[in-house]
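Enquirer:
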Amino acid sequence: MSPPRIAVVVFPGTWSDRDFLDVAQLVGWNARAIWHAERKLGSVDAVVLPGGFAHGDYLRTGAIARFSPIMPAIESFAASGGPVLGSCNGFQVLCEAGMLPGALLRNDHLEFRCDWQWLRVEAPASCPAWLGQIADGRPIRLPISHGEGRYYADGATLSQLEATQRVVLRYAEEDGRVTPDANPNGSLHSIAGITNGRGNVLGLMPHPERAAEAEVGGSDGRLILRSLTTWLAEQPAAAERRL
Amino acid sequence: MRWIAEVHVQLRPGIADPEGLTIAGGLRALGFASVSEVRSGKLLRVSFEADEVDQARGQVEAMCRRLLANPVMETATWEVRADDEPSEEARLA
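First to last, the sequence lines map onto chains U and D. Residue 204 in this note's numbering sits at position 204 of the first sequence, and the numbers go up by one each step. Residue 1021 in this note's numbering sits at position 21 of the second sequence, and the numbers go up by one each step.
#1: Ordered along the chain, which non-local residues of its own chain (more than five positions away) have a Cβ less than 6 Å from that of glycine 28 of chain U?
#2: List the DSSP bridge partners of cysteine 114 of chain U.
#3: Give, in chain order, every residue of the segment 79-98 of chain U whose Cβ lies closer than 8 Å to some Cβ of chain D.
#4: In the DSSP assignment, find the unbroken alpha helix (DSSP H) run with isoleucine 74 of chain U in it and report its ends.
#5: How is leucine 119 of chain U classed by DSSP in three states: helix, strand or coil?
#6: Inspect the beta-carbon positions of isoleucine 74 of chain U and valine 93 of chain U and report whether they are closer than 7 Å.
#7: Report yes or no: is there a C-beta of chain D within less than 7 Å of the C-beta of tyrosine 275 of chain U?
#8: Going by CA-CA distance only, name the one from U/Ser87, U/Gly56, U/Arg5 and U/Asp22 that's closest to glycine 13 of chain U.
#9: Could you tell me whether the Cβ of methionine 1073 of chain D comes closer than 7 Å to any Cβ of chain U?
#10: Consult DSSP for alanine 1016 of chain D and reduce its assignment to one of helix, strand or coil.
#11: Might you give, ordered along the chain, the residues of its own chain that have their beta carbon closer than 7 Å to the beta carbon of threonine 61 of chain U, omitting 5 neighbours on each side?
#12: Is the beta carbon of glutamine 165 of chain U closer than 7 Å to that of serine 126 of chain U?
#13: When the distance is taken between beta carbons, is alanine 63 of chain U closer than 7 Å to glutamate 96 of chain U?
#14: Taking 7 Å as the threshold (C-beta atoms), are arginine 120 of chain U and arginine 39 of chain U in contact?
#15: Along chain D, in chain order, which residues have C-beta atoms closer than 7 Å to that of leucine 247 of chain U?
#16: Quick check: arginine 1039 of chain D and glycine 1020 of chain D, are their CB atoms within less than 7 Å of each other?
#17: Helix, strand or coil for tryptophan 1078 of chain D, going by three-state DSSP, please let me know.
#18: Determine whether the beta carbon atoms of glycine 1058 of chain D and valine 1009 of chain D lie at a separation below 7 Å.
#19: Is there contact between the segment 67-82 of chain U and the segment 150-163 of chain U, where contact requires at least three CB pairs shorter than 8 Å?
#20: Do arginine 141 of chain U and aspartate 220 of chain U have their beta-carbon atoms positioned less than 7 Å apart in this structure?
#21: Closer than 7 Å, CB to CB, is proline 1018 of chain D near chain U or not?
#22: So isoleucine 1015 of chain D contacts chain U; which residues on that side make the cut at Cβ distance below 8 Å?
#23: DSSP three-state call for threonine 179 of chain U: helix, strand or coil?
#24: Enumerate in chain order the residues of its own chain whose CB-to-CB distance from glutamate 162 of chain U is below 8 Å, with the five nearest sequence positions on each side excluded.
#25: On the CB-based measure, 16 or more other CB atoms within 10 Å of its CB, does proline 180 of chain U come out buried or exposed?
#26: Identify every residue that forms a DSSP beta bridge with valine 1009 of chain D.
#27: Per DSSP, what kind of secondary structure is phenylalanine 1048 of chain D in: helix, strand or coil?
#28: What residues from chain U crowd round threonine 1022 of chain D, counting only those whose CB sits closer than 7 Å?
#29: So, using beta-carbon positions, are valine 10 of chain U and aspartate 17 of chain U closer together than 7 Å?
#30: What residues in the segment 164-193 of chain U have a beta carbon less than 8 Å from any beta carbon of chain D?
#31: Taking the beta strand (DSSP E) that asparagine 89 of chain U belongs to, which residues open and close that run?
#32: Does the Cβ of leucine 243 of chain U have 16 or more other Cβ atoms within 10 Å, making it buried, or fewer, making it exposed?
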């Protein structure tokens, strides 16, 4: 079986695209970069919005990027059930675009935080394409690197996210306990990652692509990236998505 | 006709504003003991063309809704003025 085709979207100011492309082969992907000014994705099996500072993060993180020419194609792809991952700045873009609820605000301590971070994976069945290979409740360790990662949504939205098990990653201690001390940015409910109602779109602040090789200090990111490879291989030969 | 809009964007009330908290702490440290709160925000000055004032106000409201403010966490208020006219106020809830 040929490896799945993954589009890695590059906005002006994106910086993690190379890391995703670099680890693609390790996780069984046939990945290629796609410039934000394109209007079509072509034939792809999944889309990744990497981290960085798209359009300088001016006005708000993701505010300009969400109007990029490529975004309607990504929204259509997601609406048809295609797997979409937004990491860090990509998560911020997905929220601005309304593809995920809420917003990411300035860290509560005002510092840019670049560190290794323990996370608890919750309800992976809510997001099988990206978390299907990870056990419920398992702590994983990934890098974070952001100044604006404080997840915010209003009370009704938070209640709905919790009730429908769409909070799939929380900042945690090494043993998986979610504590105030483990929260690196003041995110409500210690939220590090959420999925949409259909479970095909995952937004997370941490960087799985920066932790896919033991040589760089950890390989837990591979669990997420390889989950997609496995999930795609298990899907019945679906009609080609050409958008 | 040329118009100028001054748009103020702020976090919604109740959303923690660490920048404002830090500035308030700085003011108190300087002896302004009566400072109870600072809320930070941003000011955007937009120059644009419109035929008349209602059209100008409508354009600014549309700019706020489409791009300038994210209603998930922000509110926007604005003033629209022509060069030689007194300022007009409007508010986005």
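Ideal Cβ positions, reconstructed from N, Cα and C, are used throughout, including at glycine.
Expert: For this structure:
#1: Pro3 and Thr229
#2: U/Ser145
#3: Cys95 and Glu96
#4: 71-79
#5: strand
#6: no
#7: Given a span of 1 to 243 for chain U in the structure shown, any question on residue 275 of chain U remains unanswerable.
#8: U/Gly56
#9: yes
#10: coil
#11: Asn89, Gln92, Leu104 and Glu148
#12: yes
#13: yes
#14: no
#15: Past the edges of chain U, shown from 1 to 243, lies residue 247 of chain U, and the structure says nothing about it.
#16: yes
#17: strand
#18: no
#19: no
#20: yes
#21: yes
#22: Leu105 and Tyr152
#23: coil
#24: His189
#25: exposed
#26: D/Lys1042 and D/Ala1076
#27: strand
#28: Leu110
#29: yes
#30: Gly186
#31: Where asparagine 89 of chain U is concerned, there is no enclosing beta strand (DSSP E), although the alpha helix (DSSP H) it sits in stretches over 89-96.
#32: Model confidence at leucine 243 of chain U stands at a pLDDT of 48, short of 50, so the residue's coordinates are unreliable and nothing is read from them.
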